[in-house]
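Report on the following structure.
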Amino acid sequence: KNPQANEPRSVVLRSVVAMASSRLLRRCAVISLLLALLLACAPQTVLLLNRALVLSLALSPAVLLSPAAAASSTIQQCLFLPALRHALGRSAALTKWGQWAATRPDLVPPSVCEALSVLHAHAPAHAAAISRAEVEAATGASIEDYFDAWEDEPLVSGSIGQVHLARLNGSAVAVKVRHPRVGAELEADFRLLELLARAVDSVPGLRWLDAQSTVKQFGWALQRQASLEEEARWLRLVGRNFEAWGDVLLPAPLSASPSVLIETLVPGAPIGEYINFAAATASAHDPIRGRARQLSVAQRHYIVQRGVDIYYKMLLADNLMHADLHPGNLLFSADGRGGLGTIGMVDLGMTAVLTASEQHNFIGFLQAVGEGDGRAAARCVLRWAGGGGGSGSGGGGSGGGGYGAPAGEASLRDVAFADAMASSFGRHCRGYGHGIDLGVVLRER
Numbered sequence: 007k008n009p010q011a012n013e014p015r016s017v018v019l020r021s022v023v024a025m026a027s028s029r030l031l032r033r034c035a036v037i038s039l040l041l042a043l044l045l046a047c048a049p050q051t052v053l054l055l056n057r058a059l060v061l062s063l064a065l066s067p068a069v070l071l072s073p074a075a076a077a078s079s080t081i082q083q084c085l086f087l088p089a090l091r092h093a094l095g096r097s098a099a100l101t102k103w104g105q106w107a108a109t110r111p112d113l114v115p116p117s118v119c120e121a122l123s124v125l126h127a128h129a130p131a132h133a134a135a136i137s138r139a140e141v142e143a144a145t146g147a148s149i150e151d152y153f154d155a156w157e158d159e160p161l162v163s164g165s166i167g168q169v170h171l172a173r174l175n176g177s178a179v180a181v182k183v184r185h186p187r188v189g190a191e192l193e194a195d196f197r198l199l200e201l202l203a204r205a206v207d208s209v210p211g212l213r214w215l216d217a218q219s220t221v222k223q224f225g226w227a228l229q230r231q232a233s234l235e236e237e238a239r240w241l242r243l244v245g246r247n248f249e250a251w252g253d254v255l256l257p258a259p260l261s262a263s264p265s266v267l268i269e270t271l272v273p274g275a276p277i278g279e280y281i282n283f284a285a286a287t288a289s290a291h292d293p294i295r296g297r298a299r300q301l302s303v304a305q306r307h308y309i310v311q312r313g314v315d316i317y318y319k320m321l322l323a324d325n326l327m328h329a330d331l332h333p334g335n336l337l338f339s340a341d342g343r344g345g346l347g348t349i350g351m352v353d354l355g356m357t358a359v360l361t362a363s364e365q366h367n368f369i370g371f372l373q374a375v376g377e378g379d380g381r382a383a384a385r386c387v388l389r390w391a392g393g394g395g396g397s398g399s400g401g402g403g404s405g406g407g408g409y410g411a412p413a414g415e416a417s418l419r420d421v422a423f424a425d426a427m428a429s430s431f432g433r434h435c436r437g438y439g440h441g442i443d444l445g446v447v448l449r450e451r
């Protein structure tokens, strides 16, 4: 073979490869330029499209598995529920929805509630190096110089951030660190939800949902929770309100920045862990806090009664609403109060002051429940939701003793809602002392 005879072919081949490479490079350059121009002109649009793609990919396995999960409990337990939990953990907004859904066995199947309850304290965590960097930036010192001791493994992780145990000046403290990019992701997620809500409200048969208002209110509350300085402010206020209650404990903020909150450590374990004890096959002791999982009957009654006391004090006396009071944010410790224990409240970022109208209608609804008056309850709900809240067909009911008085002529939809509420109350909610199944009432309505 003559190497020189093959030389022209090699030259031609190299020329073709060079031309192809040059064309590919030019096309890549053009595409890059277009993307750069798009990003420069409409960066939010690009970020929004990217976030939509990420969430779509995360949710797609659960969506695709849902028909099979409905037909097979094995597929539901082994594939669908883990996929759903993983997908919800990719978004702070979806994680918050999952935490809420886990507390509503009256609306969500028990198997789904159990699977999603993990999100109360064990949502996806970020790397320890990120926490270290955030804390060092907030304190202006290295972890080793600032703290006596520090645990890289997070104690709990929620929708907004995760908590690390540490020791500061000889005392145990909790260090809450916000998840990276959570603020930008929340903004993108709620812009996507607003687009979806706008589409829902454009459907005549679904306008009664008022999806845009719901998304706006939820988004406002959750975006405020993303600032840990805001949470510190609520901890100080609510802590003062419960200062005289020796068995109700709240963390005391020691230092706060938008992304890091250092606070005193409240003893106890999440109540959700006690709730799931009967079904748990793990050790009867928490590996981190060393608290027994078994409760006496007296302790169970105490937790329920004191929980109601806390809720009503905030609502009726303090005019506040803790909108995130799920079992992961209530702690129980068996130490103290004559052997019954103490209740701890944490994660107050979604606390809000009730307006006069909100308090009026919420108290009116509770009063209507006590009196078994479905029409008065319907009026309170409709006014709270922005509806007419009229007297319903035939007026009916006491009007809640001052709460829930007619507020103008009701629409046909409001009349139908009031009739349905009256019918439901007649079956399941005839007033205190007559057997109230409020969960059934809420589920039916």
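If you count the sequence shown from 1, you need to add 6 to reach this note's numbering.
We put the CB at the ideal spot given by N, CA and C, even for glycine.
- When the five nearest sequence neighbours on each side are left out, the beta carbons in the same chain lying within less than 6 Å of the beta carbon of residue 94 are those of 100, 101 and 104, in order along the chain.
- For residue 180, there is no enclosing alpha helix (DSSP H); the enclosing beta strand (DSSP E) has its first and last residue at 177-184.
- Rounded to the nearest angstrom, the Cβ distance from residue 131 to residue 163 is 4 Å, consistent with a contact under 8 Å.
- Here residue 349 carries a strand assignment [DSSP, helix/strand/coil].
- Ranked by how close their Cα comes to the Cα of residue 420, the residues 441, 431 and 386 have 386 in first place.
- With a cutoff of 9 Å on beta-carbon distance, residue 350 and residue 272 are scored as near each other.
- With 16 or more other Cβ atoms from the protein chains shown falling within 10 Å of its own Cβ, residue 191 counts as buried.
- Residue 355 and residue 231 do touch by the CB rule: their CB atoms are close to 3 Å apart, below 8 Å.
- Taken in chain order, the complete beta strand (DSSP E) segments of 3 residues or longer contained in the region 241-273 are 259-262 and 266-270.
- Per DSSP, the unbroken alpha helix (DSSP H) holding residue 312 starts and ends at 303-318.
- Following the DSSP letters along the chain, one finds residue 187 in no alpha helix (DSSP H), marked with neither H nor E.
- Looking at the backbone, the Cα of residue 243 and that of residue 66 are separated by about 43 Å.
- Between residue 334 and residue 127, the gap from beta carbon to beta carbon is short of 9 Å.
- Only buried fits residue 185, as 16 or more other CB atoms lie within 10 angstroms of its CB.
- Residue 427 is not bridged by DSSP to any residue.
- A straight line joining the alpha-carbon of residue 111 with that of residue 275 spans about 22 Å.
- The continuous alpha helix (DSSP H) containing residue 376 extends over residues 362-377.
- Looking from the CA of residue 436, the closest CA among 383, 424, 377 and 417 belongs to 377.
- Between the C-alpha atoms of residue 438 and residue 53 there is a straight-line separation of about 53 Å.
- Residue pairing by DSSP leaves residue 334 without any beta bridge partner.
- CA-to-CA, the gap between residue 222 and residue 205 works out to about 14 Å.
- By the CB criterion at 9 Å, residue 228 and residue 267 fall outside the cutoff.
- Using a Cβ distance threshold of 9 Å, residue 381 and residue 422 do not count as a contacting pair.
- Secondary structure of residue 275 (DSSP, three-state): strand.
- Rounded to the nearest angstrom, the gap between the Cα atoms of residue 75 and residue 119 is 15 Å.
- Burial state of residue 336 is buried, judged by a 10 Å Cβ sphere holding 16 or more other Cβ atoms.
- Counting every other CB atom within 10 Å of its CB across the protein chains shown gives residue 256 a total of 16 or more, marking it as buried.
- Distance from the CA atom of residue 245 to the CA atom of residue 161, rounded to whole angstroms, is 22 Å.
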